[in-house]
Every structure is written in structure tokens, then in C-alpha cells.
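To keep things clear, I will list the structure first and then write my remarks on it.
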Amino acid sequence: MQLLVQQVINGLSIGAVYALIALGYTMVYGVLRLINFAHGDVYMVGAVIAFFLATWFQRLGLPVWVNLSLVFLGAAMGCAALGFIIERFAYRPLRNRPRLVSLITAIGVSLFLENLFQQKMVFGARPRQFPPLIETRTAISFHVGHSPVAVNITNLDVINFVLVIALMIVLSWVVLRTRTGLALRAVSYRFDTAALMGINTDRIIAFTFMLGSALAAVAGVIDAMRYQVDPLMGLVAGLKAFVAAVIGGIGSIPGAVLGGLLMGLIESLLRGVILPSDYSGYADGAAFLALILILLFRPSGILGKYAPEKV
Amino acid sequence: MGNADADHPVRAGRLPSWVINLFLIVLVAIAWPLSRLFDSQIDPYFLDLIIRIGIAIILAVSLNLINGITGQFSLGHAGFMAMGAYTCGVIAKHHAITGGASVPFFLGVTLLSGVVGALAGLLIGIPTLRLRGDYLAIATLGFGEIIYVVLTKIRSIGGCEVGGAAGLHDIPTFTNFFWVFAWGMICIVFIWRLVYSAKGKAFYAIREDEIAAAAMGVDTTFYKVTAFVIGAFFAGVAGALAATWSGNLAPGSFRFMRSVEIVVMVVLGGSGSITGSILAAAVLTWLPEQLRAVEQWRMVIYSLLLIVMMLVRPEGLLGRRELWWTRRRAIPRATATVAPP
Numbered sequence: 002m003q004l005l006v007q008q009v010i011n012g013l014s015i016g017a018v019y020a021l022i023a024l025g026y027t028m029v030y031g032v033l034r035l036i037n038f039a040h041g042d043v044y045m046v047g048a049v050i051a052f053f054l055a056t057w058f059q060r061l062g063l064p065v066w067v068n069l070s071l072v073f074l075g076a077a078m079g080c081a082a083l084g085f086i087i088e089r090f091a092y093r094p095l096r097n098r099p100r101l102v103s104l105i106t107a108i109g110v111s112l113f114l115e116n117l118f119q120q121k122m123v124f125g126a127r128p129r130q131f132p133p134l135i136e137t138r139t140a141i142s143f144h145v146g147h148s149p150v151a152v153n154i155t156n157l158d159v160i161n162f163v164l165v166i167a168l169m170i171v172l173s174w175v176v177l178r179t180r181t182g183l184a185l186r187a188v189s190y191r192f193d194t195a196a197l198m199g200i201n202t203d204r205i206i207a208f209t210f211m212l213g214s215a216l217a218a219v220a221g222v223i224d225a226m227r228y229q230v231d232p233l234m235g236l237v238a239g240l241k242a243f244v245a246a247v248i249g250g251i252g253s254i255p256g257a258v259l260g261g262l263l264m265g266l267i268e269s270l271l272r273g274v275i276l277p278s279d280y281s282g283y284a285d286g287a288a289f290l291a292l293i294l295i296l297l298f299r300p301s302g303i304l305g306k307y308a309p310e311k312v
Numbered sequence: 236m237g238n239a240d241a242d243h244p245v246r247a248g249r250l251p252s253w254v255i256n257l258f259l260i261v262l263v264a265i266a267w268p269l270s271r272l273f274d275s276q277i278d279p280y281f282l283d284l285i286i287r288i289g290i291a292i293i294l295a296v297s298l299n300l301i302n303g304i305t306g307q308f309s310l311g312h313a314g315f316m317a318m319g320a321y322t323c324g325v326i327a328k329h330h331a332i333t334g335g336a337s338v339p340f341f342l343g344v345t346l347l348s349g350v351v352g353a354l355a356g357l358l359i360g361i362p363t364l365r366l367r368g369d370y371l372a373i374a375t376l377g378f379g380e381i382i383y384v385v386l387t388k389i390r391s392i393g394g395c396e397v398g399g400a401a402g403l404h405d406i407p408t409f410t411n412f413f414w415v416f417a418w419g420m421i422c423i424v425f426i427w428r429l430v431y432s433a434k435g436k437a438f439y440a441i442r443e444d445e446i447a448a449a450a451m452g453v454d455t456t457f458y459k460v461t462a463f464v465i466g467a468f469f470a471g472v473a474g475a476l477a478a479t480w481s482g483n484l485a486p487g488s489f490r491f492m493r494s495v496e497i498v499v500m501v502v503l504g505g506s507g508s509i510t511g512s513i514l515a516a517a518v519l520t521w522l523p524e525q526l527r528a529v530e531q532w533r534m535v536i537y538s539l540l541l542i543v544m545m546l547v548r549p550e551g552l553l554g555r556r557e558l559w560w561t562r563r564r565a566i567p568r569a570t571a572t573v574a575p576p
């Protein structure tokens, strides 16, 4: 029982990060019908920016909370700029070409970022430990039933949850209550009609990329503090977040959050509770199995709408 | 993308086909003594390059059948290659036959590796080929990753060492110039004849417009799965050749990156052009050797090439023409000749 509760908490904590990344996939897919393959690498770039900022801030001796918020803010702004550049120079010129062309370009951008950051003069191929801005310790600890082992929630998990919930509130306010959000929904509902209604679609698409990239950056910083910074960290995390977006129904914003949390839960339960420890490594493969199953049986995902191909 | 794709010449050339067949057989037969000569005379570094180019050609041409010609964007080619490589590696390591029987033995093992690859292709193809474009890419990528995860976890099958995450080492080497050349010829000729036959038009039809092809009576599922299985077969063979050439197998070398390398060859050469794939495979294997100084920047350059190529010339170097086709013989641009009613 203790194990179960602990794994559920861990799963939600991992899943919240997946949800942040999945939001970027789902929003871009919503407006452009493009799988932004490079999104996972934007998350990696966020972690790397945070790494350099944190190393630099550590020497300045500012209070922890100032450091932490500056690191998050810096990474988010850096990645928003990166998202804008990627959209402007790699995707925008190809917008009227067949979708496969954009997909190959997206793979190219992803490879470019991964390999650029593996260069010694940029970051280096080896994973590096994140500078200890705050030390990880148990923030909340409680007992379930009569189990002698306590369920622990670390302060990182708390920051993670608070941050993710705050971002969700901000995001839903932006999407549901502002004019830009209205335009974003219009563009994702029907691109051409939205353009005819006087919406500057180029600007909305750029905004979508920046918003998604900033969310990915926050996810990157959280994971960097939790694990380490690795130029290839975006590959698997990006894929899993994509799977999460598909499970939730790609194009649907609440779906991405739901899918992310589900994904984290499935993974952590498989790893810790369901699979025997010898086989726990197979949990990585389970994500892709889930993707294939969902694509086969319900391609529109949990909250997505079914869109048959018209001639 | 255009939709008029009707003018592919069905015949490979003007010569009668038996002359071409005889020529090809003689060509493969010559490779046998040539291979002996190469083994003893040629610079091993140069031979290594030739063999790797040959393997890359098999991979690129077989992927071209799936990605370029049938238009089903697959990112799992390295997974099929891994299936073949591990089949061959495990058999060669534990049940190798040396001496006179080694030639039929190795032929059998490469064939078996190809069949294992093809079975994996069939198993993966039937469910995933229902998906379109980008979803298919992700699903095949997922399968590639599953194969990788499984390979890192399995240490032995039925008492035979498979290696797990550490990889499989000290595999006896069987591959030489002859094997790579012969399999390369088989792969190219097989796919060429298939694609430029009357039935081969179905593959192009599916790429151009799947719904229209189905409406014209093309069994799209059958042709898509066929392309997938044939491509996977040759990927398995290429894996087997690679395994018994280097003697070492690591699961990490069959990940996403490997698939992308092959995709880059197909895309740069021209999706749908067989000679384009051959050319790109040769150049992209040879070029990094010449650029040792920038070896570590290789993938950066590859990815930039890919992006620039898509921006400037998305159809690849040769487009969908073959090397010696003149522009006039190539497919005419799509022209709307039928007025809407």
C-alpha cells in the first residue's frame, strides 16, 4: 500500500512534466497539423540554458528563491526565442508544401539541436549534474495505514506541482480569456477561415510556438534538477510526451494534460508495482506499445475528435 | 505534389532481358575471384570502406522502396536491420560452420536473417500501415525503440548469448566483398524490376494519392505491406552482413539515429529514385572518411543538409528520375488537363 501511494505520487510528478511538454505538441498540432519533432529538443535546450544560468548565478550569491525564479524565467525566455526562430526559418517557408516535407524538416531540426549541443564547445556529449541550487530533501512525509515506511514527497516534487498547476491556470486564462487565445482557438478550428476573418495567422502560429517552447523549457528545468542535463534527454522525453499528447487526443489542450498524467502514472506503476524488478526496464518500451495500441483502436485519443479523411 | 505519374518506362532498357540477366549473372560470378583478390591484395581500410558503402546501398535502396516509392514514411529501418544482425550474429557466434560448408552456411544464415527481418516487417506493417504519414513515422519509430529496449534487456535466448546492453562481441567474420556485392546486386535488381514492372505502378499510385489508388482498384493494404516486407527483408540481410563484417554488435547502434541516417540517404538522393539512393549512400558513407577533421560535426552537417535540402529542393538531388534519364523522359509535371464538370 505504501509502495502504491508512493508510486502514484511519483507518477503524477513525472506525468506533470510530460503534460507540460505534451502541451507544446498538441498546440502546434492544433494550429499547423504538424508534429513538431524538435519539441523534445527545445525541452533539452531549456535544461541546458538553466544549467549555464544556474552555474553563473551560484557565484553571485543571491537568495535561493531569486536564483530559482531567474533560472526558470531565463530558460523559458530563451526557449521561446528558439521556438520563434525554428518556426520562422524552418517551418514557415514550407507551410504550403506536403506535410511530409515539414516532417522531414522537423526531424532535421531535432537532429541539428541534439548534435549541436553534443559539441564540446557548446555543451559536450556527456551528461552533467545540475548545480545544486536547492538541496533535495523531504518536504512532506506521512504514513499510510500501519505501514512502517513513510511516503515521502520531496521539495522538488512540491515545486513541480505548484509550478505546473500555476502554469495550467495561466495557460487556460490565456487560451480562454484573451483575444490572442481566441485567435489561437479560431486558427486551430479552421485555418483558412480564421485568416479570412482578419486574424494574423503568422503571428498566432509564432505565438503558439513561443508559448509551447516556454512550457517545454520549464519542464526541462524541472527534469534537469531532478535528474541531470544530457544533450539527448529530449529524445525519449519528447517521444513520451508526444505519446501522452496522442493518448489524450492530439489537438486538445485538456487532453494533453490528462494524457501526460496518465502516461506518468502508467510508467511509474509499471516500473515500481506491476512489473517484477528484473523486468522494470521494459517500462520504457511500454510507452510505445501504448502509443501503437491507442493509434490502432482510438486514433483520436481520449478527448480528441474523430476526423475522417475527406476526398 | 503532382498526381500525373503515368510515364515511367516499363522496360529497363532496349536490350532483350535475357542479355541483361546474363550480364548480371556474369557480373556476380566475376565478384567471386575478385573478392579473393581483394582479401589478399587491397588495403584493408579501403576494403572496409567499400563493404560499408555496399551495406549502406542495400539499406538505402530497400528503404527507398518503402519511403520514396510507396510513400510510407518509416523511421524503423534500423530496427529491422537489428533483427537481421542479431539473428545472424547469434547463429554465427554459436553454431558457425567453417571450411568448405561455410559458403552455403552463410548464404542460409543471411537468408534467414532477411526472413526474420521480413517477419518483423509483416508483424509491424499490418497494424501500423493503417496509419497515415506522420503517425506512421512515429509508430515505426516506436517499434524501433521497442526493439532497442528489448535487445538491451535480453541476455540469452535458449542458452545462446545475446549480449544485452553490453552487446555481442567476437562474432566470426564471414562477410567479404563477394557477399556484399552479390546481395547488393540482388537487392537493386529485385527492387528495380519490381518497381518498373506493370504491377510496380501500384506503388507509385499509392504514393501519389492513396484514396485515388484505392478507387482505381489497387489493393493498397496489400501493396503497402508488400513494400514493407521486402524493405525489411533486405534491411535484415544488410544487418547480417554488417554483423559478420565488424564482428561486434551493440544495441545502441540500431537506434533512431541509424534509421535517420538511412532516411537522409533516401531523401538526399531523391525519394523514389533508386540510382539516387545508391549515389547518396555511397557519397554519405565515403564523405565522412574524407572529412576526418570534422568527424564530430558530421551529424550537425547532415542535419543542416537535410533542412536546407527540404527548403531548397524537397524532391532530393535526382527527384524521382533515375541517373541517366533525361528530363524529357522523366515524369511530366502535373498538368490539369481534365476540366471539372
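Protein chains in written order, with the working numbering: chain A, 2 to 312; chain B, 236 to 576. Note that CB positions come from ideal geometry on N, CA and C, so glycine has one too. The structure displayed is predicted, hence computed values, not measured ones.
Next on the checklist: Following a CB-centred definition, is Ile542 (chain B) positioned closer than 8 angstroms to any heavy atom of the ligand ATP?
Outcome noted: Because no ligand of any kind appears in the structure shown, any question about the ligand ATP cannot be addressed here.
Checklist entry - Cα separation between Thr479 (chain B) and Ile288 (chain B)? => result 15 angstroms
Item to check | Arg138 (chain A) - partner residues in DSSP beta bridges | outcome: In DSSP, Arg138 (chain A) forms no bridge with anything.
Checklist entry - Is it the case that the Cβ atoms of Thr345 (chain B) and Thr363 (chain B) are separated by a distance below 9 angstroms? => result Not a contact, by the Cβ cut-off of 9 angstroms.
Checklist entry - Are there 16 or more other CB atoms within 10 angstroms of the CB of Asp42 (chain A), so buried, or fewer, so exposed? => result buried
Checklist entry - Using the rule of at least 16 other Cβ atoms within 10 Å of the residue's Cβ for burial, across every protein chain shown, is Met28 (chain A) buried or exposed? => result buried
Checklist entry - Helix, strand or coil for Phe143 (chain A) per DSSP? => result strand
Item to check | Residue of A:Leu24, A:Gln3 and A:Gln7 minimising C-alpha distance to Leu168 (chain A) | outcome: A:Leu24
Checklist entry - Does any C-beta atom of chain B lie closer than 9 angstroms to the C-beta of Asn97 (chain A)? => result no
Item to check | Delimiting residues of the alpha helix (DSSP H) encompassing Val338 (chain B) | outcome: Per DSSP, Val338 (chain B) belongs to the alpha helix (DSSP H) from Ser337 to Thr363.
Item to check | For Ile129 (chain A), the residue or residues it bridges with in DSSP | outcome: Sequence inspection shows Arg at residue 129 (chain A); the Ile mentioned does not correspond to that position. Paired residues: A:Val230.
Item to check | Other residues of its chain near Ala516 (chain B): CB distance less than 6 angstroms, five sequence neighbours each side excluded | outcome: Ala291, Ile292, Ala295 and Met500
Item to check | Local Cβ density within 10 Å of Arg390 (chain B), reported as buried at 16 or more and exposed below that | outcome: Arg390 (chain B) counts as exposed, since fewer than 16 other C-beta atoms from the protein chains shown sit within 10 angstroms of its C-beta.
Next on the checklist: Quick check: the Cα distance between Leu112 (chain A) and Gly260 (chain A), rounded to an integer number of angstroms?
Outcome noted: 26 angstroms
Item to check | Residues in the segment 363-389 of chain B having any Cβ partner in chain A nearer than 8 angstroms | outcome: Result list: Thr363, Arg365, Leu366, Arg367, Gly368, Asp369, Tyr370, Ala372, Ile373, Ala374, Leu376, Gly377, Phe378, Glu380, Ile381, Val384, Val385, Thr387 and Lys388.
Item to check | Whole-Å CB distance - Ala187 (chain A) paired with Ala195 (chain A), under 8 angstroms assumed | outcome: 4 angstroms
Checklist entry - Can you find a CB in chain A that lies within less than 9 angstroms of the CB of Met420 (chain B)? => result no
Item to check | Contact under 9 angstroms by Cβ, Thr387 (chain B) with Gly273 (chain A) | outcome: no
Item to check | Where the segment 267-287 of chain A meets chain B: residues whose CB sits under 7 angstroms from a CB there | outcome: Gly282, Tyr283, Asp285 and Gly286
Checklist entry - How long is the line joining the alpha carbons of His40 (chain A) and Ile497 (chain B), rounded to whole angstroms? => result 22 angstroms
Checklist entry - How about the segment 122-139 of chain A and the segment 228-241 of chain A: do they share at least three Cβ pairs that are nearer than 8 angstroms? => result yes
Item to check | Proximity winner among B:Met316, B:Ile260 and B:Leu272, relative to Ser488 (chain B) (alpha-carbon distances) | outcome: B:Met316
Item to check | C-alpha gap between Leu546 (chain B) and Ser14 (chain A), whole angstroms | outcome: 40 angstroms
Checklist entry - Cβ of Leu476 (chain B) within 9 angstroms of Cβ of Ile255 (chain B)? => result No, these two residues do not count as a Cβ contact at 9 angstroms.
Next on the checklist: Pairs of beta-carbons, one from the segment 100-117 of chain A and one from the segment 352-372 of chain B, closer than 8 angstroms: are there three or more?
Outcome noted: yes
Item to check | Straight-line Cα distance separating Ala288 (chain A) from Arg493 (chain B) | outcome: Going by the C-alpha atoms only, they are around 21 angstroms apart.
Checklist entry - Whose C-beta lies closer than 8 angstroms to the C-beta of Val325 (chain B) among residues of the same chain, with five residues either side of it excluded? => result Ile392, Cys395, Glu396, Val397 and Leu403
Checklist entry - Cβ atoms of Gly249 (chain A) and Lys306 (chain A): under 9 angstroms apart, would you say? => result no
Item to check | CA-to-CA distance, Gly12 (chain A) to Glu268 (chain A), given in whole angstroms | outcome: Just so you know, the alpha carbons of Glu268 (chain A) and Gly12 (chain A) end up roughly 7 angstroms apart.
Checklist entry - Which residue comes first and which comes last in the alpha helix (DSSP H) that contains Ile154 (chain A)? => result From DSSP, Ile154 (chain A) is part of no alpha helix (DSSP H) but of the beta strand (DSSP E) over Val152 to Thr155.
Checklist entry - Would a C-beta distance cut-off of 9 angstroms place Leu347 (chain B) and Ile406 (chain B) closer than the cut-off? => result no
Item to check | Under 8 angstroms from the C-beta of Val102 (chain A): neighbouring residues of chain B | outcome: Met545 and Pro549
Checklist entry - Where does Ser111 (chain A) fall in DSSP's three states? => result helix
Checklist entry - With distances taken from CA atoms, which of B:Gly554, B:Ile441, B:His312 and B:Phe463 is nearest Val453 (chain B)? => result B:Ile441
Checklist entry - How about Pro486 (chain B) and Ala400 (chain B): do their beta carbons lie closer than 9 angstroms? => result yes
Checklist entry - Which class does Ser309 (chain B) belong to by DSSP, given the choice of helix, strand or coil? => result coil
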